[in-house]
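Enquirer: Residue numbers 1 to 451, in this note's numbering, belong to the letters of the sequence shown in order. Ideal placement from N, C-alpha and C gives every residue a C-beta, glycine not left out.
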Amino acid sequence: MEIKEYIRENEARFLDEWSSLIRIPSISALPQHKEDMLACAERWKQLLLEAGADEAYIMPSQGHPLVFAEKRIAADAPTVLVYAHYDVMPAEPLELWKSQPFEPEIRDGRLYARGADDDKGQAMIQVKAFEYLVREGLLTHNVKFIFEGEEEIGSPSLNAFLKAHRELLKADIILVSDTSMLGADLPSLTTGLRGLAYWEIEVTGPNRDLHSGHFGGAVANPINTLCEMLAQMVDPDGRITIPHFYDDVEEVPAAERDMIAHIPFDEEKYKKAIGVKALKGEIGYSTLERNSCRPSFDVCGIWGGYTGEGSKTVLPSKAYAKVSTRLVPHQRHEIISQLFVDYIEAIAPDYVQVKVTPLHGGEGYVCPIDLPAYQAAEKGFAKAFGKQPLAVRRGGSIPIISDFEQILGIKTILMGFGLESDAIHSPNESFSLDIFRKGIEAVVEFHKNYG
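1. Go to residue 53, then tell me how far its beta strand (DSSP E) extends in each direction, as first and last residue.
2. Considering only the alpha carbon of each residue, which of 344, 331 and 270 lies closest to residue 228?
3. Could you tell me how far apart the beta carbons of residue 410 and residue 81 are, in whole angstroms, since I believe they sit closer than 8 Å?
4. Excluding sequence positions up to five away, which residues of its chain have a Cβ less than 6 Å from the Cβ of residue 6?
5. Tell me the residue span of the beta strand (DSSP E) that contains residue 107.
6. On the DSSP bridge assignment, give the partners of residue 320 in chain order.
7. Fully enclosed by the segment 254–305, which alpha helix (DSSP H) runs are 4 residues long or longer?
8. Nearest by alpha-carbon distance to residue 98: which of 383, 435 and 427 is it?
9. CB residue 101 to CB residue 94, shorter than 8 Å?
10. Which residue comes first and which comes last in the alpha helix (DSSP H) that contains residue 373?
11. Could you tell me the boundaries of the alpha helix (DSSP H) in which residue 338 lies?
12. Figure out for me which residue from 417, 305, 90 and 342 has the closest Cα to the Cα of residue 117.
13. With C-beta atoms as the reference, is residue 319 less than 8 Å away from residue 299?
14. Mind checking whether residue 384 and residue 448 have CB atoms under 8 Å apart?
15. Check whether the segment 345–357 touches the segment 260–279, taking contact to mean three or more Cβ pairs, one atom from each stretch, closer than 8 Å.
16. As a quick exercise: from 146, 32, 83 and 46, pick the residue whose alpha carbon is nearest that of residue 59.
17. Pull up the distance between the alpha-carbon of residue 240 and that of residue 121, whole angstroms please.
18. Count the other CB atoms within 10 Å of the CB of residue 306; is the residue buried (16 or more) or exposed (fewer)?
19. Please list, in chain order, all residues of the same chain as residue 221 whose beta carbon is under 6 Å from its beta carbon, the five residues on each side excluded.
20. Can at least three beta-carbon pairs, one atom from the segment 389–408 and one from the segment 46–65, be found at a separation below 8 Å?
21. What residue range does the beta strand (DSSP E) around residue 193 cover?
22. Is there contact between the segment 329–346 and the segment 362–372, where contact requires at least three CB pairs shorter than 8 Å?
23. Given this structure, state the Cα-to-Cα distance separating residue 397 from residue 324, to the nearest angstrom.
24. For residue 315, name the three-state secondary structure that DSSP assigns.
Below is the structure:
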């Protein structure tokens, strides 16, 4: 049976199984969902066995459990390790959802729900392609699966898990569907990811909240001070001011810049889609270079003082911020993390106390496009989408991809099918059913060509 026919005959079942996962609110960031995390892992174990895995296990970690499954074809055959994550982001703000976030709803050819794309929909693409290959007797190599439950909180347990289970996870290539394409009619393969470093800053002034009339103008306001410090992090040219930050930043080669310049990109459409009148970034680089090949610095959250209804005239005792940098290959997140701590402490005025807590981070990644597995993925996209995929770097971070290379010694193929319009991490996340079908076909073709 051809893959398109198989998808047509089984699509109702695929949607039911996909929905059964979505209905489990596997939010790794919230302790009250610990049981949901285990339930989702159990459901994936069941689905992997039903798809044709020889065996599947729930494996403990220092945090949420992982799911491991394996299909053995031959001892001397190559092995593909499929990675995905079953945890999702919190759904708030709930009032912005047009339907219930954990009750999937199909509208206009898309499935709407938290996790519809990231990553339950994309993981389902991998599992259903595997199912077809097994049932049709087309699988010629070994396949392993490792699904984790902490990707959305930085994969804090995965590094130790990889080190403890090197032999179990031994493979020739890793296949991941957790990235995006340039567009539904612009298939693309991700060849690079940015790294990440993330911190929380606490600024303390007086030993208690003060009356802003009695003390304002005489005592430093921690929120004001924090804002002043953060404003120094990026100069007018869009360059990050942390000393030695750029020491290991490799300039984008001219050939790659030329390739990026030829990627179809409508800047007006881009601005309209996100509701801004103008763009801002590092001078001397295009928008597509800024959000993929160059580092960035962002304040992700800031709070302090009184934020309730009405007014309360206080000079707050404390102010907080969460900040992050996106890093490029060769920048080590541990080094950047310490450089940031040193810089903040150096510019902190003596009328406040500053505490910086590193939260998590990871390295960037670049995939060579001459790998046989990459070329198999290219053929998969070409068959399913009818055109050769573009090779692009993406601005996001998947820190564990660099861990795979450093700990397991395996390169990763980033064969993602998401779209910007899927609104991952946002209200009304969704996934195109057409892309879902084409994704299954592309992954099937990958395995045929790789095998």
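Expert: Based on what the coordinates show:
1. No beta strand (DSSP E) contains residue 53, which DSSP labels as neither H nor E.
2. 344
3. 7 Å
4. 132
5. 105–107
6. Looking at the DSSP assignment, residue 320 forms a beta bridge with 202 and 303.
7. 254–261, 267–274 and 287–290
8. Comparing Cα-Cα distances from residue 98 to each of 383, 435 and 427, the minimum goes to 427.
9. yes
10. 372–385
11. 333–347
12. Per the Cα distances, 417.
13. no
14. no
15. no
16. 146
17. 36 Å
18. By the 10 Å Cβ count, residue 306 comes out exposed.
19. Here residue 221 has 315 as same chain residues with Cβ atoms under 6 Å from its own Cβ, once five neighbours each way along the sequence are excluded.
20. These segments do not touch.
21. 188–193
22. yes
23. Cα to Cα, the separation comes out at about 12 Å.
24. strand
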